[in-house]
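In this note's numbering, the protein residues as written are 795 to 1114. Below: one structure, written as structure tokens.
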Ligand SMILES: [Zn+2]
């Protein structure tokens, strides 16, 4: 029902084709008919990998060869598809681009919108409740309160030591009678609810900040909230990035796009970190433009990959 509502908001045709770049089970066929919320032909593509001949063959067989009404998938895969199309001069003109699962940096969103001539709509879902919220035309996230009722806790609720104004998302599914889901603590964070005059109902937040359970480890062993850093990187205009930590005080920044421009952004951010932390504290970025993005066992790409044991201390924030 929530997907039906999203289809109506996006103005998707009653039938058509969708390029699906979501997480796929092994053995999922390339083409599949789907009936709900509307009869569509779903074309299932894995994340683009130029080193995987079977994936390259799938992309060559499909992308640009048939009209596409909708593109849906995880943010990183949709960004990769946009880059694939831009690099090859392939023009796809879907009516809707729906991205889920991960935070999408503003710069990545611009790339996708340039490639497909269509705004990106972010969708928020959890495996326990399914779809819970989607973005309106003003890019604010509207929870669909009549399906999944949200509560956004006060700052730091849920033991995450969250940043100011940011609280834990707790969801109650109102339609799941066989298995009630009541006040489910998602582990994700959002900024406090605000008003939006766009006309779409529901509890509105202007920021979903992703998984709460990743800290950065400073040179002195302190734990730092990653959100200020992620916000600074997103606003620096990097097309796509990931922060990976293997040693205290140093964060490897994996990025795509022109390396020189990203180097300059990294220097700016390090200058600000230097000014805040001084010599023996906090962390600095180390740019790794040629490293690959890292994925979880289930194929999800998180903005922060932490390989260190986290210290048992309260997370610090407010460093940028
Ligand atoms: Zn709105």
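Backbone N, C-alpha and C define an ideal beta-carbon position, used for all residues, glycine too.
The residue among 833, 830, 811 with its C-alpha nearest the C-alpha of residue 858 is 811. Residue state for residue 1096 is assigned as coil, using DSSP reduced to three classes.
Looking from the CA of residue 915, the closest CA among 923, 1071, 906 belongs to 906. Ranked by Cα distance from residue 1020, the options 1031, 1036, 1032, 1014 are led by 1036.
Here residue 798 is exposed. Its C-beta has fewer than 16 other C-beta atoms within 10 Å.
The criterion of a C-beta distance shorter than 8 Å is not satisfied by residue 1042 and residue 1067. For residue 994, there is no enclosing alpha helix (DSSP H), as DSSP marks it with neither H nor E. With at least 16 other beta carbons inside 10 angstroms of its own, residue 938 counts as buried. When DSSP states are grouped into helix, strand and coil, residue 976 belongs to the coil group. Burial check for residue 988: the Cβ neighbour count within 10 Å stays below 16, so the residue is exposed. Contact fails between the stretch 1063-1083 and the stretch 968-982, because fewer than three Cβ pairs, one in each stretch, are under 8 Å apart. Proximity to residue 1100 across 1075, 1047, 1069, 1108 peaks at 1047, based on C-alpha coordinates. With a cut-off of 7 Å, the C-beta of residue 934 is classified as near ligand 1, since at least one heavy atom of the ligand falls inside that distance. Buried is the label assigned to residue 877, since at least 16 other Cβ atoms lie within 10 Å of its Cβ. In the DSSP annotation of this structure, residue 879 is not part of any beta strand (DSSP E); the continuous alpha helix (DSSP H) holding it starts and ends at 869-882. Taking all protein chains in view, the Cβ of residue 1081 is crowded by 16 or more other Cβ atoms within 10 Å, so the residue is classified as buried. Using a cutoff of 7 Å, the CB of residue 914 does not count as near ligand 1, since none of the ligand's heavy atoms is closer than that. Residue 819 has its alpha-carbon roughly 21 Å from the corresponding atom of residue 873. Per DSSP, residue 1106 lies in no alpha helix (DSSP H) segment and is marked neither H nor E.
Non-local C-beta neighbours of residue 923 in its own chain, meaning closer than 7 Å and more than five positions away in sequence, comprise 942, 965, 967, 975, 978, ordered along the chain. Looking only at 1044, 1028, 863, 1027, the smallest Cα-Cα distance to residue 1015 is reached by 1044. Straight through space, the alpha carbons of residue 875 and residue 909 are spaced by roughly 9 Å. Residue 1057 and residue 1026 have their alpha carbons spaced roughly 14 Å apart.
Going by beta carbons, residue 1076 and residue 1059 fall outside the 8 Å limit. The beta carbons of residue 1109 and residue 1018 sit about 6 Å from each other, so the pair counts as a contact at 8 Å.
If the five residues before and after residue 1010 are omitted, its C-beta is found closer than 8 Å to the C-beta atoms of 1017, 1018, 1019, 1020, 1023, 1037, 1039, 1045, 1077, 1098, 1100, all from its own chain and listed in chain order. By the neighbour-count criterion, in which 16 or more other beta carbons inside 10 Å mark a residue as buried, residue 862 falls on the buried side. One alpha carbon belongs to residue 912, the other to residue 864, and they sit about 10 Å apart.
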